[in-house]
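Okay, structure first, notes after.
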Ligand SMILES: OC[C@H]1NNC[C@@H](O)[C@@H]1O
Ligand SMILES: [Ca+2]
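In the numbering used here, the protein residues as written are -9 to 436.
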């Protein structure tokens, strides 16, 4: 492992990541308004086992203990998200000072423990009151997002200097508005291009506002996959192109080139009446970094019945996690090389990487060797990217704690720290202890 620490630059930001709705609980506390995930998770049949985020990891009440645990593990960077409905219960207008106070105290606690915050403004928990006005289908939401962002920049911007506007806008767009498996649970493909555009517009508005207010760094986090054709057949190569547009360039192109990929029009045609003059210039705001969430590559074959005209191919012998995602760390290197050469020298932060596996508690320990191996392979792949010239500035494990895995509820555990949901006890898994050892070696070496 020692050799590995030498392959990362001195100021590399090693961290862990979480998100508000997945860990906080306390959904009716201190003036918090309802989010679309409160409504969705309480809708029968939407979440496995009827799980909700009502309590989750009870992090809202256990924040100090959790920050202390990060510190004990030698973690020096923490990515978390802010719950918009804690700040604006109705989405805009009346501010909720107790909501702001929680994040104010969290920030102070982190800085006391010498942990650098990386704050995500939107990790899917839209105020329900805005959904009732159309949510991301309504262009106004982009401007309410800007006002929310400005409020948070104003409150925390003296201590928080690293910001992410959106987490995975693709998921909000596709899972939330086409597939219906995420909040707000819509199955309306014809609104997808508009939803994505409004999410990206809100990103641009927030970045533009930050440039007038803050001196720190701001970016966006996209969930991206390298796309490999299952064969060299013409139809599989076409599938690769269309699937790449659907999953990757739909968001990379507007953010970095101010254009939408024309390939996308083949699978999601739209009349561009919702694109106003100047929108794409606004979306193409210069960024300080690109956040990349990487879990697995996509190997695809032609399938005109799928929206991207492609189906995923999992080879019979390839290892998969309990999410059914292939374990392939080289995909991370391939992805970063592609981004670097297609979109210029933008600094990269891996804002999520990790694996869900079935965890068993044995004598108060969790010997999660598969997760530990997954992580170590991806650190090696990341070092390869750096050695090939990609400017990677940080890496955040998804996730610090086991937490609410959206439609799969608490059935999937991504944490390097185990959560016993009956007692709320935290148990550091072997993967968490390994990360701690690796970090200690890294900081000793540098
Ligand atoms: O599925 C694992 C993670 N993927 N990215 C977004 C997070 O909220 C998920 O828990
Ligand atoms: Ca193109």
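Where is the CB? At the ideal position from N, CA and C, for every residue including glycine.
Model, not experiment: these values are computed from the prediction.
Does at least one heavy atom of ligand 1 sit under 6 Å from the Cβ of residue i?
{"i": "residue 9", "result": "yes"}
{"i": "residue 388", "result": "yes"}
{"i": "residue 283", "result": "yes"}
{"i": "residue 342", "result": "yes"}
Nearest-angstrom Cα distance between residue i and residue j?
{"i": "residue 103", "j": "residue 61", "result": "6 Å"}
{"i": "residue 439", "j": "residue 236", "result": "For the chain, the structure presents residues -9 to 436; residue 439 sits outside this window and is missing."}
{"i": "residue 106", "j": "residue 213", "result": "23 Å"}
{"i": "residue 46", "j": "residue 267", "result": "43 Å"}
{"i": "residue 158", "j": "residue 9", "result": "12 Å"}
{"i": "residue 248", "j": "residue 313", "result": "34 Å"}
{"i": "residue 417", "j": "residue 86", "result": "34 Å"}
{"i": "residue 24", "j": "residue 376", "result": "42 Å"}
{"i": "residue 5", "j": "residue 436", "result": "16 Å"}
{"i": "residue 434", "j": "residue 185", "result": "47 Å"}
{"i": "residue -9", "j": "residue 359", "result": "A caution first: residue -9 carries a pLDDT of 47, below 50, which makes its placement in the model too unreliable to give a value."}
{"i": "residue 363", "j": "residue 409", "result": "21 Å"}
{"i": "residue 299", "j": "residue 57", "result": "45 Å"}
{"i": "residue 63", "j": "residue 426", "result": "5 Å"}
{"i": "residue 510", "j": "residue 39", "result": "As displayed, the chain neither begins before -9 nor continues past 436, which places residue 510 out of reach and without an answer."}
{"i": "residue 325", "j": "residue 205", "result": "30 Å"}
{"i": "residue 123", "j": "residue 116", "result": "12 Å"}
{"i": "residue 149", "j": "residue 97", "result": "7 Å"}
{"i": "residue 269", "j": "residue 263", "result": "12 Å"}
{"i": "residue 260", "j": "residue 421", "result": "46 Å"}
{"i": "residue 94", "j": "residue 353", "result": "38 Å"}
{"i": "residue 65", "j": "residue 429", "result": "7 Å"}
{"i": "residue 307", "j": "residue 250", "result": "37 Å"}
{"i": "residue 100", "j": "residue 68", "result": "8 Å"}
{"i": "residue 393", "j": "residue 361", "result": "16 Å"}
{"i": "residue 198", "j": "residue 52", "result": "35 Å"}
{"i": "residue 118", "j": "residue 253", "result": "34 Å"}
{"i": "residue 79", "j": "residue 415", "result": "30 Å"}
{"i": "residue 70", "j": "residue 133", "result": "23 Å"}
{"i": "residue 273", "j": "residue 356", "result": "44 Å"}
Tell me which residue opens and which closes the beta strand (DSSP E) that residue i is part of.
{"i": "residue 415", "result": "415 to 418"}
{"i": "residue 386", "result": "382 to 388"}
{"i": "residue 109", "result": "106 to 112"}
{"i": "residue 281", "result": "279 to 283"}
{"i": "residue 5", "result": "3 to 7"}
{"i": "residue 301", "result": "300 to 302"}
{"i": "residue 292", "result": "288 to 292"}
Tell me the residue span of the alpha helix (DSSP H) that contains residue i.
{"i": "residue 245", "result": "240 to 247"}
{"i": "residue 159", "result": "159 to 167"}
{"i": "residue 88", "result": "87 to 102"}
{"i": "residue 136", "result": "130 to 146"}
{"i": "residue 410", "result": "Careful: residue 410 lies outside any alpha helix (DSSP H), inside the beta strand (DSSP E) at 407 to 410."}
{"i": "residue 315", "result": "Unbroken run through residue 315: none, as it is neither H nor E."}
{"i": "residue -7", "result": "-8 to -4"}
{"i": "residue 255", "result": "253 to 257"}
{"i": "residue 27", "result": "26 to 31"}
{"i": "residue 45", "result": "Unbroken run through residue 45: none, as it is neither H nor E."}
{"i": "residue 11", "result": "10 to 13"}
{"i": "residue 120", "result": "118 to 121"}
{"i": "residue 269", "result": "269 to 273"}
Please indicate yes or no: does the CB of residue i lie closer than 6 Å to some heavy atom of ligand 4?
{"i": "residue 218", "result": "In the structure shown, ligand 4 is absent; the only ligands present are ligand 1 and ligand 2."}
Could you tell me whether the Cβ of residue i comes closer than 7 Å to any Cβ of chain D?
{"i": "residue 260", "result": "Included in the structure is just one protein chain, with no chain D present."}
Say whether the segment 331 to 345 touches the segment 275 to 295, bearing in mind that this needs 3 or more beta-carbon pairs closer than 8 Å, one atom from each stretch. yes
Start-end ranges of the alpha helix (DSSP H) lying completely within the segment 156 to 232, minimum 4 residues: 159 to 167, 182 to 203
Minimum length 3: unbroken beta strand (DSSP E) runs contained in the segment 56 to 81: 67 to 71
Are there three or more Cβ pairs, one per stretch, closer than 8 Å when the segment 238 to 245 is compared with the segment 176 to 196? yes
Any chance the segment -8 to 0 sits against the segment 136 to 149, with 3 or more Cβ pairs inside 8 Å? no
Could you give the uninterrupted runs of the alpha helix (DSSP H) lying entirely in the segment 321 to 383, keeping only those of 4 residues or more? 359 to 377
Would you call the segment 164 to 179 and the segment 26 to 37 touching, i.e. three or more CB-CB distances under 8 Å? yes
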